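Novice: The sequence shown runs 10 to 115 under the working numbering.
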Amino acid sequence: MSQIFTDANFQKEVLESDQLTVIDFNADWCGPCRSLSPVIDALSKDYEGKVNIGKVNVDQNPALSAEYGIRSIPAVLFIKGGKVVDRQLGAVPKTVLDQKIQLHLS
Numbered sequence: 010m011s012q013i014f015t016d017a018n019f020q021k022e023v024l025e026s027d028q029l030t031v032i033d034f035n036a037d038w039c040g041p042c043r044s045l046s047p048v049i050d051a052l053s054k055d056y057e058g059k060v061n062i063g064k065v066n067v068d069q070n071p072a073l074s075a076e077y078g079i080r081s082i083p084a085v086l087f088i089k090g091g092k093v094v095d096r097q098l099g100a101v102p103k104t105v106l107d108q109k110i111q112l113h114l115s
């Protein structure tokens, strides 16, 4: 199961992590977000221990959404060394996110 990132734990869990972090910005009411959720959970299992993968509920964490300029969801951000190194908008197949993860792991 993927982690839940919040305004409160983001600094420690994401920005201070030495691993690549993949974050799905989503909301409960968003249909495409619900279709992407199992993909994020599957990637979390696939990369357990290698990549930090989690979700941010935009309704519950408005400060993070504002800070990262999230205007449409789902939005997946790839953060490495405290910086956004890539992003993917919309619900996409697992292979698309997998390729981006592989790109930033090397």
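Glycine is no exception: its CB is placed at the ideal position from the N, C-alpha and C atoms.
It should be emphasised that the depicted structure is a prediction, and the values quoted were computed from it without experimental measurement.
Using beta-carbon positions only, say whether Val-48 and Ile-88 come within less than 7 Å of one another.
Specialist: no
Novice: Of the residues Cys-39, Leu-106, Leu-29, Asp-107, which one's Cα is nearest the Cα of Ala-66?
Specialist: As written in the sequence, residue 66 is Asn, which differs from the Ala given in the question. Minimum Cα distance to Asn-66 is reached at Cys-39.
Novice: Identify whether Ile-32 lies in helix, strand or coil by the three-state DSSP scheme.
Specialist: strand
Novice: Give the secondary structure of Lys-103 by DSSP, where H, G and I count as helix, E and B as strand, and everything else as coil.
Specialist: helix
Novice: If you follow the beta strand (DSSP E) that Arg-96 is part of, which residue opens it and which one closes it?
Specialist: 92-98
Novice: Span of the beta strand (DSSP E) holding Leu-52?
Specialist: First-last for Leu-52: 40-55, but that is the alpha helix (DSSP H), not the beta strand (DSSP E).
Novice: Span of the beta strand (DSSP E) holding Leu-86?
Specialist: 84-89
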